Amino acid sequence: ILGVLQVRSVNGSYRLRSLTLGYNSLFGNIPESLGKLGNLEVLSFSHNMINGTIPDEITSLSGLRVFDLSGNELSGSFPKGFDRLKNLSTLNLKANHLSGPIPPTVGNLSSITLLDLSQNNLSGPIPASLENVPSLTYFNVSYNKLSGQVPPHLSKKFNST
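Rendered as structure tokens:
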């Protein structure tokens with residue numbers, strides 16, 4: 440698929456549970472109207488050419504389990520209210536141009552098992568709040584501009600040095 444990512448006249452009545460458009464040639468911004476797809480559980484636009492920021496409206500998708508925007512041209516920081524996605528098990532934002540700190544509230548994602556934020560421009564420390572997420576089994580923040588030490592319990596959990 441080649442073209443601008445567009446979603447027209449979306450309302451909350453859609454029953455769509457999975458929207459997976461990875462490995463295409465989509466470009467443009469992520470439409471804010473995706474936040475109205477209230478039944479969405481899987482949202483994946485991986486490996487396209489999508490740019491701009493992640494719209495805050497995405498955080499209203501309370502049933503979202505998989506969120507994969509890896510391999511795009513996204514910039515900016517995490518959207519506000521990201522910690523409201525309590526059912527999120529996979530968050531893959533690898534290989535974008537995201538910047539700023541990893542928010543401490545990411546530790547409130549109690550169902551998260553995979554968190555890949557590698558190959559971005561993230562800065563600051565790794566939040567200690569991630570030590571409180573027992574479900575986390577895959578954690579990758581390599582190739583960023585992070586500073587400080589890995590929180591002790593995370594270091595122990597993933598045997599990092």
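Note that the working numbering has the sequence shown beginning at 440, numbered continuously upward. Where a beta carbon is used, it is the ideal one built from N, C-alpha and C, also for glycine. As the structure is a prediction and not an experimental result, all values here were calculated from the model.
Span of the alpha helix (DSSP H), counted from its first residue to its last, around residue i
{"i": "HIS592", "result": "591 to 597"}
Collapsed DSSP secondary structure at residue i in the structure displayed
{"i": "THR552", "result": "coil"}
{"i": "GLU480", "result": "coil"}
{"i": "GLY467", "result": "strand"}
{"i": "VAL572", "result": "coil"}
{"i": "SER485", "result": "coil"}
{"i": "SER499", "result": "helix"}
Delimiting residues of the beta strand (DSSP E) encompassing residue i
{"i": "TYR577", "result": "577 to 579"}
{"i": "SER472", "result": "Here SER472 belongs to no beta strand (DSSP E), and DSSP marks it neither H nor E."}
{"i": "GLY491", "result": "488 to 491"}
{"i": "SER457", "result": "457 to 459"}
Cβ of residue i within 9 Å of any chain C Cβ
{"i": "SER581", "result": "Protein chain content of the structure displayed is limited to a single chain, and chain C is not contained in it."}
Closest residue to residue i among the options (Cα-Cα distance)
{"i": "ASN526", "options": "PRO590, LEU479, GLY467, ASN583", "result": "LEU479"}
{"i": "VAL545", "options": "SER586, SER485, ASP507, ARG523", "result": "ARG523"}
{"i": "GLY491", "options": "ASN468, ASN531, SER594", "result": "ASN468"}
{"i": "VAL580", "options": "ASN531, VAL572, ILE551", "result": "ASN531"}
{"i": "PRO591", "options": "LEU537, GLU570, TYR582", "result": "GLU570"}
{"i": "SER516", "options": "SER550, ILE565, PRO542, LEU500", "result": "PRO542"}
{"i": "TYR462", "options": "GLU471, ILE489, GLY474", "result": "ILE489"}
Close Cβ partners of residue i (< 6 Å) along its chain, the five nearest in sequence each way excluded
{"i": "ARG456", "result": "ASN478, GLU480"}
{"i": "THR529", "result": "VAL505, LEU553"}
Same chain, Cβ closer than 7 Å to residue i, neighbours up to 5 away in sequence not counted
{"i": "THR459", "result": "VAL481, SER483"}
Taking only runs of the beta strand (DSSP E) that begin and end inside the region 501 to 566, which ones reach a length of at least 3 residues, in chain order? 505 to 507, 512 to 515, 529 to 531, 536 to 539, 553 to 555, 560 to 563
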